[in-house]
Structures are given as structure tokens and as C-alpha cells.
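Peer 1:
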DNA sequence: AAGTATTTCAACCGCAAACCA
DNA sequence: TTGGTTTGCGGTTGAAATACT
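Numbering (our numbering), first residue to last: 1 to 247.
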């Protein structure tokens, strides 16, 4: 017997989200958090599947999302990390506060990959074969690292596509970066007092917001900025990526 | 101005990992 | 240990926007 679909295909809305749906989702998550995505749409009164709600929140509605174009520094960071990590977009996103894996994936496919291919053609093969790099799976990359460990060598890997000495990282740094636990911190704006809330609170809020269409999330935004600042300032290794956009 | 081609990016899909009873 | 459920990830799609003819 096959696995149950993630959501009911019938009676579930698809496609672009409306501002009203966004508001309902934001309000609900700020009251109750998102401990159960599957149950969330039902409780919030949204005709969406949990997966869709999660994606919308993570990629668009989260208060710490940074909107606007990528800076040259951010683009260079993506290029550098992609050489090390491959298509591990969520891992790359973890290094770029306010940017989502989906956004980074899009920017890579629409801009950066093309630009790198162009640069490569212009340099007549002097630079690294970036196409080969793109085809390399992260398993390939990790196997290289394991081999390096076995010989107790501390090779350095050049992760930049130019000869900038500042971009050289030791094996220790690389392996720390690809350690799964390193990436596993979860960003959450769950309301810790959510269990104290009641559905009456929620319904009341919905009612109020149907009249007043505004939302102030500055407190949450600031909290997340502090969170990210803490993460960055406490990680010695991240100094290697000091070109990441500052706040 | 109209039609066509190309680009962008939000959203969906399927799979695998993580979780839990 | 097992099997069902939920979450998270990366690949892909397709509608809308933009560029080009």
C-alpha cells in the first residue's frame, strides 16, 4: 500500500497566496507557532495543505526574511559555498541570514551559474572547470574530505574562483562547515506561550484583523536579528565568511 | 502596437530523513 | 525494532513580467 499523499488533493487551494491568506497564516503562527504544519491549515481556517503553508512561511512570510536584490558580497558567498557544498541550498542559506534556500537556488540558476560559465569561457579554461564542479555531488566532495582525514593531512582547499588568498580555508574549516550538526540550528519564532492561548483568542484575532489589515512584526524581526548576530559573533569559523552582508 | 521569446521566481512535487508510538 | 506520520530538502514547473522583433 502506497504512502498517503501529503495533503488532500480535493478541496485544497493551490497557486499564489492572497494577502488575506498571508495574514491569516502570520497571525496564527504568531499566536500558536507552527509545531504541526499538517494540522495548522485546518486550525487556522486555511484551505491549503500544511506543506504549502510551511513553504509560504519559510520563503516569504517569516519576519527575518531579507527582501531585495542580492549584494555582490552575498553572491560571492553563494559562489564560494557552492564550490564546497554543491547544491545544498539549505546549508548555503544558513550562511546568509534572511535569505532562503529557494531564493538562493533561484539566484544560482538564473544569474550566478550563467555568469560563472561566461567567465569561464572568457578565461579560456584557465580557471577551474565550473561545470564539472556543478555536476559534483556533495557525496563526492565529502569522500574527498574523508580521504584527506585518513592521511592526517591538512590540505587547504581553495573555495574561491579567483586567487584571493583570503578565501583559502583549511581542511578543518571545511569539515566543520559540512558537519550536519553545524547546519541543524532551526530558526523559529514560535510563541513560547502558545500553550496558554486559546482558540477564542485566535478567533478574536481573526475577527479583529478582518477589520484592521495591518501587522507589526518589528519585535519578532528584532529578536531574529539578535539571534543571527549571536550565531555569527559566537562562531569563530564564520570569520572566514566575513564578507556576508552586515546588519 | 502586437506578437513572440526569454527570464524570473513563487509554488509544487516526490523523496528521504527524522520523529514517535 | 517496526511502521506510520511529519518535516525538510532539492529538483522542477509554469504563470507573470520583461525584453526583443
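For every residue, glycine included, the Cβ atom is placed at its ideal position computed from N, Cα and C.
Please read all numbers here as calculations on a predicted model, not as lab measurements.
(1) Residues in its own chain within less than 8 Å of residue 112 by CB, not counting five upstream and five downstream?
(2) Does the beta-carbon of residue 62 have 16 or more other beta-carbons within 10 angstroms, so that it is buried, or is it exposed?
(3) Could you tell me the alpha carbon to alpha carbon distance between residue 88 and residue 26, rounded to whole angstroms?
(4) Excluding the five sequence neighbours on either side, which residues of its own chain have a C-beta within less than 7 Å of the C-beta of residue 6, listed in chain order?
(5) Does DSSP put residue 95 in a helix, in a strand, or in coil?
(6) Quick check: what's the CA-CA separation for residue 93 versus residue 104?
(7) How many Å lie between residue 32 and residue 43 at the Cα?
(8) Alpha carbon to alpha carbon, how far is residue 109 from residue 115? Give it in angstroms, no decimals.
(9) Rounded to whole angstroms, what is the Cα-Cα separation between residue 60 and residue 11?
(10) Specify the secondary structure class of residue 56 as computed by DSSP and reduced to three states.
(11) According to the Cβ coordinates, are residue 53 and residue 41 closer than 8 Å?
(12) DSSP three-state label for residue 110, please.
(13) Measure the beta-carbon distance from residue 21 to residue 46 and round it to whole angstroms, keeping in mind my assumption that it falls under 8 Å.
(14) In the DSSP assignment, the alpha helix (DSSP H) including residue 22 goes from what residue to what residue?
(15) Rank 99, 38 and 91 by C-alpha distance to the C-alpha of residue 67 and give the top, closest one.
(16) May I have the straight-line CA-CA distance separating residue 39 from residue 119, to the nearest angstrom?
(17) For residue 259, which residues from the same chain have a beta carbon less than 7 Å from its beta carbon, with the 5 sequence-adjacent residues on both sides left out?
(18) Could you check the C-alpha separation between residue 24 and residue 84 for me, to the nearest Å?
(19) When you measure from the CB of residue 82 to every non-hydrogen atom of the ligand NAD, does any distance come out below 7 Å?
(20) Can you tell which of 16, 65, 57 and 96 has its C-alpha closest to the C-alpha of residue 30?
(21) So is residue 16 buried or exposed if we call it buried at 16+ other beta carbons inside 10 Å?
(22) Skipping 5 residues on each side, what residues in its chain have a beta carbon closer than 6 Å to that of residue 125?
(23) Where does residue 41 sit, in a helix, a strand or coil, going by DSSP?
(24) Need the endpoints of the alpha helix (DSSP H) that residue 79 sits in, please.
Peer 2: The short version:
(1) 75, 78, 79 and 82
(2) Residue 62 comes out buried.
(3) Cα-Cα distance, rounded: 28 Å.
(4) Interpretation of residue 6 is limited by its pLDDT of 46, a score under 50 that renders its predicted location unreliable; no figure is taken from the coordinates.
(5) coil
(6) 7 Å
(7) About 10 Å.
(8) 10 Å
(9) 24 Å
(10) helix
(11) Their beta carbons are under 8 Å apart, which means residue 53 touches residue 41 by this criterion.
(12) helix
(13) Rounded, the Cβ-Cβ distance is 6 Å, consistent with contact.
(14) 19 to 32
(15) 99
(16) 48 Å
(17) Nothing can be reported for residue 259: it is not among the residues displayed for the chain, which extend from 1 to 247.
(18) 39 Å
(19) Among the ligands in the structure shown, none appear at all, so the ligand NAD cannot be discussed.
(20) 57
(21) Burial is judged here by how many other beta carbons sit within 10 angstroms of a residue's own beta carbon; residue 16 has fewer than 16 and is exposed.
(22) Its pLDDT being 46, under 50, residue 125 is placed unreliably in this model, and the value from its coordinates should be taken loosely. No residues qualify anywhere along the chain.
(23) Here residue 41 sits in helix by DSSP.
(24) Per DSSP, the unbroken alpha helix (DSSP H) holding residue 79 starts and ends at 72 to 85.
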